[in-house]
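Engineer: I have a structure I would like to understand better, so I am pasting it below and will then ask my questions one at a time.
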Amino acid sequence: MKKSLILAILVGALMLQGMSAMPTGIGGSSVDSGCLCHGGADSDVSPVLEGLPEVYNGSEVYNLTISFTGGPAESGVNSGGFNLRASHGEFIVIDNTTQFWQGDDQEIVHTDYGNDQRVWQIKWQAPIDDTNDVTFTLLTNSVDGDDTKDGDSWNSEVIEVEGLNSDGGPIIDFTNLAWWLIILTILGLVVITVVLIMKNSSVDMEVIKHWLTTTNHKDIGMLYLWITIIFTFIGLALSLLIRIQLIVPENDFMTGGLFNEAVTMHGAVMVLFAVSPMSFAFANYIVPIQLGAKDMAFPRLNAMSAWLILLGGLVAASGFFLGGAADVGWTFYSPLTSMTYSPGLGVSLAGAGLILLILSVTFSTINFLVTILRWRCPGMGIMQMPMYSWNILFTVILMLAVFPALLSAVLMLVGDRLFGTMFFDPSIDGTTWWLHIFWFFGHPEVYVVLLPGLGMAMEVIPTFVKRPLYGRKIIIWSLVVASVISVLVWAHHMFITGINPTFRKLETIGTELVSVPFGLIYLSLLATFYKAKPDWSKLPLVFVAGAIGIFLVGGITGVYLSSVAMDVNLRGSYYIVAHFHYTLGAVAVMTLGGIYYWYPKMFGKMLNEKLGWWHFWLTFFGINLTWIPLFGLTDMPRRIYLYQESAGWEVSHFIASIGGFVVFAAQLIFLYNFWHSIKHGEDAGDNPWDGSTLEWATTSPPPPNNFEVIPTFPLTLEEE
Amino acid sequence: MITFFAIIKWFQSPGTGAHAEVYDELFLTYWSLGMIVAVIVYAIFIWLMTTSVEETPTDFQTLGSIPVERGSVKTAWTFTFVITAFLLILSQITFSSIDFFENPELEEDSFTVKITGWQYYWEYEYPNGITYTSAVGEPLRIPIDTPVVFEVIGGDVFHSFALPEHRIKVDSLPSRSNTGWILAEETGLYPIRCYELCGDEHALMVGELEVMEKDDFDAWYSGGGL
Numbered sequence: 005m006k007k008s009l010i011l012a013i014l015v016g017a018l019m020l021q022g023m024s025a026m027p028t029g030i031g032g033s034s035v036d037s038g039c040l041c042h043g044g045a046d047s048d049v050s051p052v053l054e055g056l057p058e059v060y061n062g063s064e065v066y067n068l069t070i071s072f073t074g075g076p077a078e079s080g081v082n083s084g085g086f087n088l089r090a091s092h093g094e095f096i097v098i099d100n101t102t103q104f105w106q107g108d109d110q111e112i113v114h115t116d117y118g119n120d121q122r123v124w125q126i127k128w129q130a131p132i133d134d135t136n137d138v139t140f141t142l143l144t145n146s147v148d149g150d151d152t153k154d155g156d157s158w159n160s161e162v163i164e165v166e167g168l169n170s171d172g173g174p175i176i177d178f179t180n181l182a183w184w185l186i187i188l189t190i191l192g193l194v195v196i197t198v199v200l201i202m203k204n205s206s207v208d209m210e211v212i213k214h215w216l217t218t219t220n221h222k223d224i225g226m227l228y229l230w231i232t233i234i235f236t237f238i239g240l241a242l243s244l245l246i247r248i249q250l251i252v253p254e255n256d257f258m259t260g261g262l263f264n265e266a267v268t269m270h271g272a273v274m275v276l277f278a279v280s281p282m283s284f285a286f287a288n289y290i291v292p293i294q295l296g297a298k299d300m301a302f303p304r305l306n307a308m309s310a311w312l313i314l315l316g317g318l319v320a321a322s323g324f325f326l327g328g329a330a331d332v333g334w335t336f337y338s339p340l341t342s343m344t345y346s347p348g349l350g351v352s353l354a355g356a357g358l359i360l361l362i363l364s365v366t367f368s369t370i371n372f373l374v375t376i377l378r379w380r381c382p383g384m385g386i387m388q389m390p391m392y393s394w395n396i397l398f399t400v401i402l403m404l405a406v407f408p409a410l411l412s413a414v415l416m417l418v419g420d421r422l423f424g425t426m427f428f429d430p431s432i433d434g435t436t437w438w439l440h441i442f443w444f445f446g447h448p449e450v451y452v453v454l455l456p457g458l459g460m461a462m463e464v465i466p467t468f469v470k471r472p473l474y475g476r477k478i479i480i481w482s483l484v485v486a487s488v489i490s491v492l493v494w495a496h497h498m499f500i501t502g503i504n505p506t507f508r509k510l511e512t513i514g515t516e517l518v519s520v521p522f523g524l525i526y527l528s529l530l531a532t533f534y535k536a537k538p539d540w541s542k543l544p545l546v547f548v549a550g551a552i553g554i555f556l557v558g559g560i561t562g563v564y565l566s567s568v569a570m571d572v573n574l575r576g577s578y579y580i581v582a583h584f585h586y587t588l589g590a591v592a593v594m595t596l597g598g599i600y601y602w603y604p605k606m607f608g609k610m611l612n613e614k615l616g617w618w619h620f621w622l623t624f625f626g627i628n629l630t631w632i633p634l635f636g637l638t639d640m641p642r643r644i645y646l647y648q649e650s651a652g653w654e655v656s657h658f659i660a661s662i663g664g665f666v667v668f669a670a671q672l673i674f675l676y677n678f679w680h681s682i683k684h685g686e687d688a689g690d691n692p693w694d695g696s697t698l699e700w701a702t703t704s705p706p707p708p709n710n711f712e713v714i715p716t717f718p719l720t721l722e723e724e
Numbered sequence: 004m005i006t007f008f009a010i011i012k013w014f015q016s017p018g019t020g021a022h023a024e025v026y027d028e029l030f031l032t033y034w035s036l037g038m039i040v041a042v043i044v045y046a047i048f049i050w051l052m053t054t055s056v057e058e059t060p061t062d063f064q065t066l067g068s069i070p071v072e073r074g075s076v077k078t079a080w081t082f083t084f085v086i087t088a089f090l091l092i093l094s095q096i097t098f099s100s101i102d103f104f105e106n107p108e109l110e111e112d113s114f115t116v117k118i119t120g121w122q123y124y125w126e127y128e129y130p131n132g133i134t135y136t137s138a139v140g141e142p143l144r145i146p147i148d149t150p151v152v153f154e155v156i157g158g159d160v161f162h163s164f165a166l167p168e169h170r171i172k173v174d175s176l177p178s179r180s181n182t183g184w185i186l187a188e189e190t191g192l193y194p195i196r197c198y199e200l201c202g203d204e205h206a207l208m209v210g211e212l213e214v215m216e217k218d219d220f221d222a223w224y225s226g227g228g229l
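Residue numbers (the working numbering), protein chains in the order written: chain A, 5 to 724; chain B, 4 to 229.
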């Protein structure tokens with residue numbers, strides 16, 4: 005309302021001055037009665053819209069030509085203008101003679117460049133849903149170019165186009181497969197969860213009430229596990245959509261917008277709501293027991309963290325059902341995230357989801373810091389703490405350091421979108437500002453994801469090779485160094501954005517130095533195998549060894565990227581995508597090793613070994629099959645939904661897509677194993693792996709307070 | 004050896020021009036060193052995985068015991084020193100390359116093209132006023148063997164202007180212009196792509212670069228782009 009009022013005043017002011025040219029076109033409700041600056045409606049002028057079919061197909065793109073006949077003769081300068089609106093679908097600007105009216109892709113007008121001509125070319129993409137009739141309203145001005153409104157005239161025309169299934173078409177829109185895959189995944193998980201609850205408890209309201217109100221750290225660990233399993237499968241389903249779209253060149257399975265939603269939500273869900281919180285499922289369950297504590301320091305706060313993660317993830321994903329989820333990439337680069345370029349609800353909902361997530365993370369951080377620093381059992385000095393707890397300690401310290409940056413960034417983004425605060429306005433270089441503040445969070449976030457996985461490896465390897473971890477203290481000091489360096493090297497994500505050359509060189513050296521502590525940790529893990537007796541029949545060790553193998557590829561390719569000169573060519577290409585999927589894939593496989601390791605403790609049952617081996621080999625080969633081919637695509641931009649056959653990328657993508665399905669199939673086997681073994685697995689006993697840390701000194705699953713009496717460290721064995 | 008070069012061939016799309024020479028040499032260096040490190044580490048890894056002692060080691064940790072320390076700090080310092088030295092040498096190679104990418108060796112007939120990224124096309128503006136966009140299907144034209152500077156800016160959102168075969172990439176931010184340069188050594192048509200997600204049709208933001216013989220270019224240029 006306000007905008008049109010201002011516009012009306014502006015138009016009035018211009019008329020008073022006798023300046024009738026409106027070089028950049030106008031739009032909004034004020035044009036309903038024609039463009040005031042160009043004389044009156046004239047039946048001589050008739051707008052022409054060519055290129056529209058009589059019946060449109062869903063999602064198809066049409067080339068449109070706008071022109072008109074009649075009115076004053078063409079003068080070559082200031083000779084015409086137009087305004088075109090469509091009730092459905094999206095216009096696409098293809099040259100600089102046309103533009104969206106205030107970022108709205110359903111209204112298009114001419115630009116300054118397009119003011120001197122009488123023919124304009126645009127594209128129109130039909131809506132996915134082809135059951136609606138679409139109304140086009142076209143206004144054209146015929147102008148004589150003398151800068152007064154005398155002699156100018158305009159007219160309007162309404163054109164109706166029918167959809168393929170306008171009348172009596174199917175009620176369910178099968179053309180939009182993406183929707184159905186997502187809905188089916190969620191529905192399937194809900195049904196399976198409900199069935200599971202019914203089987204276990206015959207729908208006992210007390211049980212449901214217990215799970216909704218529990219503050220016991222073990223129950224909350226379970227909640228985290230279920231929540232993150234759901235998010236993991238949502239993330240995996242989205243990745244399959246991406247792989248289906250890219251399996252052949254010029255695929256029309258998804259539109260660009262839908263593909264961007266899948267890419268964005270896959271990244272955001274996997275990094276922030278799946279892999280990272282899944283580590284915290286174990287952190288919640290295992291860390292207090294490892295420390296010999298009764299519970300977390302703040303049990304209620306802990307429960308709140310778990311529920312906030314669920315809520316945050318659901319809010320972020322709800323965009324899919326409210327006109328489109330965020331489609332700007334999980335890095336949310338400004339100014340694509342602004343209202344002008346992303347007017348839908350999606351980005352705001354993702355922002356809201358992130359805020360809830362950050363609250364959750366902040367509560368967990370406080371909780372774990374206090375628990376680890378103050379709640380260790382008598383006798384356990386901090387240097388004697390188990391390695392998993394050490395890694396969680398560094399993880400939460402990093403979270404404490406960097407999540408506030410993300411919180412402020414997201415609050416500013418949401419402020420910009422909802423209240424017009426203009427923090428990230430391009431005219432004050434908001435783009436660079438966002439890059440700095442986001443990557444100050446974003447780079448350490450990678451280590452937040454990585455460290456818990458490494459912690460699991462550090463527990464699993466010594467247990468199964470029957471020798472202590474090599475270089476315990478060296479590893480701990482390496483973690484200190486790695487954490488410090490990680491908050492100083494964010495700018496390697498912005499090497500070619502125009503930051504100072506000397507600063508970039510410093511960042512290159514800093515980034516390379518990251519590989520010193522991680523190199524030491526890696527070599528220590530390997531050295532633990534030296535003169536040891538590894539038991540390769542045990543699945544946790546197999547998974548962790550597989551993850552170590554995968555991680556080396558991610559590590560070495562990461563050194564390439566630390567070079568500012570290499571980054572010039574590799575930035576934004578599939579090489580980057582392959583690199584970080586190798587590191588995060590390794591983390592995911594380590595986490596799976598952790599699940600196999602601690603499942604007996606959590607459920608008192610063993611996972612089926614035969615299915616476990618299938619799970620391992622399929623996952624291992626699947627990951628390599630997906631990402632090795634994509635390493636070679638150093639010239640392919642990431643996040644593109646279409647590629648031409650001439651580019652020569654189709655073989656790599658075909659193989660990668662098969663790999664993606666193999667990985668997904670493997671996780672389905674795992675899910676079955678996970679559910680089935682809760683009831684039907686072999687009994688595990690208290691210490692099936694001969695573990696040395698305190699969680700193996702109690703029953704499986706542990707009693708509500710973990711131990712009958714608070715243990716003292718080291719344990720004096722009662723049997724003797 | 005054949006495998007080695009087969010793999011690097013597949014990693015590297017064909018390159019051309021002055022930047023590609025420098026870049027491909029750098030890539031080969033990194034690639035070779037990376038391969039050596041990987042082969043050594045994997046060999047050690049497999050050896051460690053496949054060897055085993057007969058009896059259970061004596062320092063195996065029992066339940067609830069104090070963690071045992073293994074390993075020597077001296078070894079750690081040695082590795083720290085070796086890795087750091089290795090990386091600093093790598094940095095030096097990197098820095099000489101980036102200095103080359105950064106500092107155009109301009110000649111008398113060099114000129115600057117202003118490039119603006121728009122959703123979803125590129126706009127080219129030459130010093131003599133020729134202005135057109137990639138949306139009309141025209142390639143960006145430059146002469147062969149002449150350093151040309153690109154001054155890249157974003158018109159609406161964040162794009163990234165790149166010539167993958169010339170190994171050149173310049174971020175196109177809406178607030179600030181960045182520069183890059185090219186010295187083309189072969190005539191022909193090469194793709195221009197956008198490497199930063201810029202909206203729904205990001206994938207379609209493709210243009211072309213035409214490297215022309217100097218005479219052809221001069222004729223086109225002085226003819227006002229006709």
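Heads up, the beta-carbon is just placed ideally off N, CA and C, and yes, glycines get one too.
Could you confirm whether any beta carbon from chain E is found closer than 8 Å to the beta carbon of A/THR115?
Structural biologist: Among the chains of the structure shown, chain E does not appear; the protein chains present are A and B.
Engineer: Taking any Cβ of chain A, which residues in the stretch 102 to 131 of chain B have a Cβ under 8 Å from it, in chain order?
Structural biologist: PHE104, GLU105, TRP121, GLN122, TYR123, TYR124 and GLU126
Engineer: Would the beta-carbon of A/GLU254 be found less than 7 Å away from any heavy atom of the ligand GTP?
Structural biologist: Ligands in the displayed structure: none, and consequently the ligand GTP is not present.
Engineer: Report the residues of the stretch 100 to 113 of chain A with a CB closer than 7 Å to any CB of chain B, ordered along the chain.
Structural biologist: ASN100
Engineer: Could you check which residue in B/SER113, B/GLU168, B/PRO150 and B/TRP125 has the C-alpha nearest to that of B/PRO142?
Structural biologist: B/TRP125
Engineer: Does the beta carbon of B/TYR26 come closer than 8 Å to any beta carbon on chain A?
Structural biologist: Among the residues facing chain A, B/TYR26 is included, as its CB has a counterpart in that chain under 8 Å away.
Engineer: Entirely within the stretch 144 to 220 of chain B and at least 4 residues each: give me those alpha helix (DSSP H) ranges in chain order.
Structural biologist: The stretch 144 to 220 of chain B contains no whole alpha helix (DSSP H) run of 4 or more residues.
Engineer: Can you tell me where the beta strand (DSSP E) with B/GLU126 in it begins and where it stops?
Structural biologist: 124 to 128
Engineer: What does the Cβ neighbour count give for B/GLU61, buried or exposed, with the cut at 16 atoms within 10 Å?
Structural biologist: The identity of residue 61 of chain B in the sequence shown is Thr, whereas the question assumes Glu. Counting Cβ neighbours within 10 Å, B/THR61 comes out exposed, since fewer than 16 surround it.
Engineer: Report the neighbours of A/LEU517 on chain B: residues whose CB is nearer than 8 Å to its CB, in chain order.
Structural biologist: THR87 and LEU90
Engineer: Looking at A/SER79: is its Cβ nearer than 8 Å to the Cβ of A/GLY149?
Structural biologist: yes
Engineer: By the criterion of Cβ-Cβ separation under 7 Å, what are the contact partners of A/THR435 in chain B?
Structural biologist: PHE161, LEU176, PRO177 and SER178
Engineer: Measuring CB to CB, does A/VAL666 end up less than 8 Å from A/GLY597?
Structural biologist: no
Engineer: Whole angstroms is fine: what's the gap from B/GLY202's alpha carbon to A/LEU417's?
Structural biologist: 18 Å
Engineer: Would you identify the three-state DSSP class for A/TRP617, choosing helix, strand or coil?
Structural biologist: If DSSP states are grouped into helix, strand and coil, A/TRP617 belongs with the helices.
Engineer: Rounded to a whole number of angstroms, what is the C-alpha to C-alpha distance between A/MET282 and A/LEU675?
Structural biologist: 15 Å
Engineer: Closest by CA to A/SER309, which one among A/TRP621, A/ALA287 and A/GLY296?
Structural biologist: A/ALA287
Engineer: Taking CB distances under 8 Å as the criterion, tell me whether A/VAL568 reaches chain B.
Structural biologist: yes
Engineer: Could you name the residues of chain B that A/LYS758 contacts, counting a contact when the two beta carbons are closer than 8 Å?
Structural biologist: In the structure displayed, chain A extends from 5 to 724; residue 758 of chain A sits before or after that span and is not available.
Engineer: Count the other CB atoms within 10 Å of the CB of B/ASN131; is the residue buried (16 or more) or exposed (fewer)?
Structural biologist: With fewer than 16 Cβ atoms within 10 Å of its Cβ, B/ASN131 is classed as exposed.
Engineer: Measure the C-alpha to C-alpha separation of A/GLU166 and A/GLU58 and round it to an integer number of angstroms.
Structural biologist: 6 Å
Engineer: Nearest-angstrom Cα distance between A/LYS614 and A/MET594?
Structural biologist: 19 Å
Engineer: Should A/TRP693 and A/TYR601 be called a contact, given that it needs their Cβ atoms to be closer than 8 Å?
Structural biologist: Taking the C-beta atoms as reference points, A/TYR601 is found nearer than 8 Å to A/TRP693.
Engineer: Decide if A/LYS535 is buried, meaning its Cβ has at least 16 other Cβ atoms within 10 Å, or exposed.
Structural biologist: exposed
Engineer: Is A/GLY333 helix, strand or coil when you go by DSSP?
Structural biologist: coil
Engineer: Sort A/ILE480, A/LYS477, A/LYS509 and A/THR501 by Cα distance to A/LEU492 and report the nearest one.
Structural biologist: A/LYS509
Engineer: Less than 8 Å between CB atoms is the rule here; does B/ARG144 satisfy it with respect to chain A?
Structural biologist: no
Engineer: Tell me whether A/ASP299 sits in a helix, a strand or coil according to DSSP, three-state version.
Structural biologist: coil
Engineer: Could you round the C-beta distance between A/LEU402 and A/LEU363 to whole angstroms and report it? I think they count as a contact, below 8 Å.
Structural biologist: At roughly 17 Å, the Cβ-Cβ gap does not stay under 8 Å, so A/LEU402 and A/LEU363 are not in contact.
Engineer: Which residue comes first and which comes last in the alpha helix (DSSP H) that contains A/ASN145?
Structural biologist: Where A/ASN145 is concerned, there is no enclosing alpha helix (DSSP H), although the beta strand (DSSP E) it sits in stretches over 138 to 146.
Engineer: Below 8 Å, how does it come out for the stretch 78 to 88 of chain B and the stretch 148 to 156 of chain B: are there three or more Cβ pairs, yes or no?
Structural biologist: no
Engineer: When you compare the CB positions of A/PRO379 and A/GLY459, do they come within less than 8 Å of one another, or not?
Structural biologist: According to the sequence shown, residue 379 of chain A is Trp rather than Pro. Their beta carbons are not under 8 Å apart, which means A/TRP379 does not touch A/GLY459 by this criterion.
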